[in-house]
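Protein chains in written order, with the numbering used here: chain A, 68 to 407; chain B, 68 to 407. Glycine included, each C-beta is placed from N, C-alpha and C at the ideal position. Heads up: the structure comes next, in structure tokens.
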């Protein structure tokens, strides 16, 4: 009798439950060391006297160009944001390209122009890179892997681990969820929305710097990419002595995104974003944080969406607009492959 | 009249002339900054008080498993070696995976086992990573991008730039060329060689450490990957006031590799290696360097292959075994796509 071989599924790349399981079994357990075992998006390293944050992501988005950005802008923003949410100041990027034979050089140029512009805006330098070309049909157009180094003030070391989170802390988001996923879906499926929708793809380090410089008591930050707000909420509370309670009516959501979710049967909580951050702050700093964020282009629609609670220990709960309450689990399966 | 669009060619990924041109036009010129503009394999960064080396490479080798290694071992060795040849001590790696839907998990496990083993051997820690899965047919099995951070003793800062190279310096190689390329070609084309051939894929940081610790006056090092010894020789001398003269008969070359080159019409000078380094040392240290290398597993067949010369200014010349002399140019076109 043949034993069916276990294979990689699309859902292994979803950023949800199966992703976590795959990463744990095949990567973390095998490469185990005290830094990796933390499983934060940025590794915090001590290089002689200073702390550096170190993060990597591969971008395989389809299509390469979408409303509000392209794979190059995305690759810079994603890595900048991973460093920024660790409390680090992004400084240097590497960029590795895998390109399909036959890819138009004019498209490559648009992508690298966009990377140059975005890295300038974010104040980071692309300092090293690599290019591989594979035969036609052996990759889909272009994949970019960006890796970032940030300098971390030891004062902010606790942020990536969230070790200072406590009951009563406020949960804030800098704007509407799901814009990236639905904008990409729109161009992929050739959908005409009633209202123009752009990906939220943006570098968030300036917004975050403004909060840190103002002395806002930030306990934790995470950018809401694959897996969306829902997966992050579930991850933050996993195995913790506290819970999170979120008010659905407080979560910014554009009508066009809401409408698309209804049509396609998506839960906006799990949609990917590329310019959204969830911030946990001391409750006494929440209003101050909100007012700082609202002055920044990327935080205009910031909202306090919930709080850290004694209840729902180890879980995230949502008070829905219709009055019900539900526990938010990590994403299972894959809603939209190749969204980043 | 339609204007034919310029497209990416396989040769743009060869590591030779077209690669240089592509990288210059689309990457370096656009992302220009003092670090990137050096165009060294590892970027040297100053993070507060210490210097760090930073390098990235994507691995797209086909097939994923080959005699002497696999894509995982290759991805660790390649990045470790890029740091080591900059004079840096490799410390931390990130690993980003793009995996094709349907890839057997057992193969992924063999690859990550191999990465764990090789990083242990090299004394580096894999501290962060990423996994993306793309639909079947949208990439070929698995691509891995490793990015490395090394700590650089300021005493060795000159090495990656080769700024202390002078006439009379010795050019040393740690063993036979072309083993990797021909071993991969063998399995790809299902060739039975008379003698078993393995890729030379290996981490070279220990070998290099031994030389540095012994105080050998190393002026320059470069690992001989895509483009081979020939391309590196041409690059090292490009726009320089000195030349290089190499003795063909001194270059270690296995009979089986030589035979395959004759059959397939390859020039071994341009074949990819994954465990070979070219070292330029002060001539007075050449014999000492050679004796240290010969004691290391990865330097047993080390040879002094030539010297830095006043002649052939800005060029590399080869004294062939048949008595002729020829100028060594960078690789043009692509000999073996997806060799690393």
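Residues bridged to residue i (per DSSP)
i: residue 113/A; result: 118/A
i: residue 384/B; result: 312/B and 394/B
i: residue 374/B; result: 237/B and 312/B
i: residue 126/A; result: 211/A
i: residue 97/A; result: According to DSSP, residue 97/A bridges with nothing at all.
i: residue 45/B; result: Missing from the structure shown is residue 45/B; chain B here goes from 68 to 407 and no further.
i: residue 379/B; result: Answer is none; residue 379/B lacks a bridge partner.
i: residue 260/A; result: Looking at the DSSP assignment, residue 260/A forms no beta bridge with any residue, so it has no partner.
i: residue 132/A; result: 137/A
Limits of the alpha helix (DSSP H) - the one that residue i falls within
i: residue 330/B; result: 322 to 331
i: residue 402/A; result: Residue 402/A -> no alpha helix (DSSP H), and no H or E assigned at all.
i: residue 361/B; result: 353 to 361
i: residue 144/B; result: 138 to 151
i: residue 86/A; result: 84 to 89
i: residue 272/B; result: 272 to 280
i: residue 304/B; result: 295 to 304
i: residue 16/A; result: Outside the displayed span of chain A (68 to 407) sits residue 16/A, for which this structure offers no information.
Continuous beta strand (DSSP E) stretch holding residue i: start and end
i: residue 156/B; result: 155 to 167
i: residue 13/B; result: Given that chain B is displayed from residue 68 to residue 407, the structure contains no residue 13/B and the question cannot be resolved.
i: residue 347/B; result: 344 to 348
At least three beta-carbon pairs within less than 8 Å, the stretch 308 to 324 of chain A to the stretch 370 to 385 of chain A | yes
Listed from N- to C-terminal order along the chain, which residues in the stretch 260 to 281 of chain B have their beta-carbon within a distance smaller than 9 Å of any beta-carbon of chain A?
-> none
Taking only runs of the alpha helix (DSSP H) that begin and end inside the stretch 178 to 229 of chain A, which ones reach a length of at least 4 residues, in chain order?
-> With a minimum length of 4 residues, the continuous alpha helix (DSSP H) runs that stay inside the stretch 178 to 229 of chain A are 224 to 228.
Could you run through the stretch 158 to 181 of chain A and flag, in chain order, every residue whose CB is less than 8 Å away from some CB of chain B?
-> 158, 159, 161, 162, 163, 164, 165, 166, 167, 168, 169, 170, 171, 172, 173, 175, 176, 179 and 180
Any 3 or more C-beta pairs closer than 8 Å across the stretch 115 to 130 of chain A and the stretch 196 to 214 of chain A | With a cut-off of 8 Å, the stretch 196 to 214 of chain A and the stretch 115 to 130 of chain A count as touching, because enough Cβ pairs lie within range.
Is there contact between the stretch 290 to 300 of chain A and the stretch 199 to 206 of chain A, where contact requires at least three CB pairs shorter than 8 Å?
-> no
Using a Cβ-Cβ cut-off of less than 7 Å, give me the residues of the stretch 212 to 239 of chain B that come near chain A, in sequence order.
-> Within the stretch 212 to 239 of chain B, the residues whose Cβ lies closer than 7 Å to some Cβ of chain A are 212, 214, 216 and 218, listed in chain order.
Note down, in chain order, all residues in the stretch 390 to 402 of chain B with a beta-carbon under 9 Å from any beta-carbon belonging to chain A.
-> 401
Given 8 Å as the limit, is there contact between the stretch 103 to 123 of chain A and the stretch 165 to 184 of chain B, that is, 3 or more CB pairs closer than that?
-> no
At least three beta-carbon pairs within less than 8 Å, the stretch 350 to 366 of chain A to the stretch 231 to 246 of chain A | yes
Meets three-Cβ-pair contact criterion under 8 Å: the stretch 186 to 198 of chain B and the stretch 220 to 233 of chain B = No: the two stretches stay apart, fewer than three of their Cβ pairs being nearer than 8 Å.
Identify each residue in the stretch 191 to 214 of chain A for which the Cβ-Cβ distance to at least one residue of chain B is less than 8 Å, and report them in chain order.
-> 192, 193, 194, 195, 196, 197, 198, 199, 200, 201, 202, 204, 205, 206, 207, 210, 212 and 214
The stretch 110 to 140 of chain A: which residues have C-beta closer than 7 Å to a C-beta of chain B, in chain order?
-> 110, 112, 114, 115, 116, 117, 119, 121, 122, 123, 124, 125 and 127
Report yes or no: do three or more beta-carbon pairs, one from the stretch 395 to 405 of chain B and one from the stretch 79 to 91 of chain B, lie closer than 8 Å?
-> Output reads yes: the stretch 79 to 91 of chain B touches the stretch 395 to 405 of chain B.
For the stretch 73 to 85 of chain A, which residues have a beta carbon sitting closer than 7 Å to at least one beta carbon of chain B?
-> 73, 74, 75, 76, 77, 79 and 80
Interface residues of the stretch 338 to 368 of chain B facing chain A [CB-CB below 9 Å] = So nothing in the stretch comes that close.
Three CB pairs or more closer than 8 Å across the stretch 299 to 310 of chain B and the stretch 241 to 260 of chain B = no
What residues from the stretch 300 to 321 of chain A come within 8 Å of chain B, judged by C-beta to C-beta, listed N to C?
-> none
Counting Cβ pairs closer than 8 Å, one from the stretch 383 to 395 of chain A and one from the stretch 135 to 152 of chain A, do we hit at least three?
-> no
Okay, do the stretch 265 to 282 of chain B and the stretch 129 to 136 of chain B touch, 3+ Cβ pairs below 8 Å being the bar?
-> yes
Is there contact here, the stretch 91 to 110 of chain B with the stretch 169 to 180 of chain A, by at least three beta-carbon pairs under 8 Å?
-> yes
Mind checking the stretch 85 to 100 of chain A against chain B and listing, in chain order, the residues whose C-beta falls within less than 8 Å of any C-beta there?
-> Cβ contacts with chain B come from 86, 89, 90, 93, 94, 97, 98 and 100.
Using a Cβ cut-off of 8 Å, which residues of the stretch 241 to 255 of chain B contact any Cβ in chain A, in chain order?
-> none
Check whether the stretch 330 to 349 of chain B touches the stretch 238 to 248 of chain B, taking contact to mean three or more Cβ pairs, one atom from each stretch, closer than 8 Å.
-> yes
At least three beta-carbon pairs within less than 8 Å, the stretch 269 to 284 of chain B to the stretch 352 to 368 of chain B = Counting C-beta pairs with one atom in each stretch, the stretch 269 to 284 of chain B and the stretch 352 to 368 of chain B have three or more that are closer than 8 Å, which means they touch.
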